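Before any comments, here is the structure.
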Amino acid sequence: MDPNRLEETVRKYENTLYRAALAILGDAHEAQDAVQDAFVRYLEKAPEFDSPEHEKAWLIRVTVNGCKSRLRSPWHRRRTALSEGLPAPEPEEKAVLEAVLALPPRDRAAVHLYYYEGYSTPEIAAMTGQSEGTVRSRLSRARQKLKALLADAQ
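154 is the number that the UniProt record's numbering gives the last residue of the sequence shown; the numbers go up by one with no jumps.
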């Protein structure tokens, strides 16, 4: 693989992949490792893509799958404190981010991909290997939980 292509791809997608991994894992260091693993897979496989959207979707799917594997691992620590280094400058945004991170990992993934990355439920279903109905259920359940969490925070 051309080193320039890899460097360009990393610069183009690293923030998106990091935010998705952070939303799923809830830990900055784990998220960094998951993103690094996704780019290692990209380097090893050297896939050809039809479009930049296809490339982005492939990278997100690899990242999501890697995060799911990390969550299943026996040594994974499920809860960590919210890092002050997270990108949430406003108190309102911090409250929302904390509420999202309090959701179960599967719900966090759906919320992040839908609201932060702008994917539709069919696209999320394809990326996560779930049915569209499951994605819609997770989003609905997550909205209810977020509403309750944010009401308790006020």
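Ideal placement from N, C-alpha and C gives every residue a C-beta, glycine not left out. Please read all numbers here as calculations on a predicted model, not as lab measurements.
Express the C-alpha separation of A153 and M127 in angstroms, rounding to a whole number. 32 Å
Q116 to A23 span [Cα, whole Å]: This sequence places Tyr at residue 116; Gln is not what is there. C-alpha separation (whole angstroms): 10 Å.
Buried versus exposed call for V35 [16 or more other C-beta atoms within 10 Å across all chains shown]: So V35 ends up on the buried side.
Evaluate contact between the stretch 139-149 and the stretch 101-117, counting only Cβ atoms and requiring at least three cross-stretch pairs below 8 Å. Yes, the stretch 139-149 touches the stretch 101-117.
Taking C-alpha atoms, which residue in T121, D33, A99, L146 lies nearest to E14? D33
Can you tell me which of R136, G26, S51 puts its alpha carbon nearest to the alpha carbon of residue 223? The shown model of the chain, from 1 to 154, leaves out residue 223, and the question about it has no answer.
What's the C-alpha gap between A102 and L150? 11 Å
Let's see if you can read the secondary structure: which residues bound the alpha helix (DSSP H) around H112? Run containing H112: none; DSSP gives neither H nor E here.
I124: which of K45, D37, E48, W58 sits nearest, CA to CA? W58
Report the three-state DSSP secondary structure of Y119 (helix, strand or coil). coil
In chain order, which alpha helix (DSSP H) runs of at least 4 residues are fully inside the UniProt domain "RNA polymerase sigma-70 region 2" (10-74)? 28-45, 52-72
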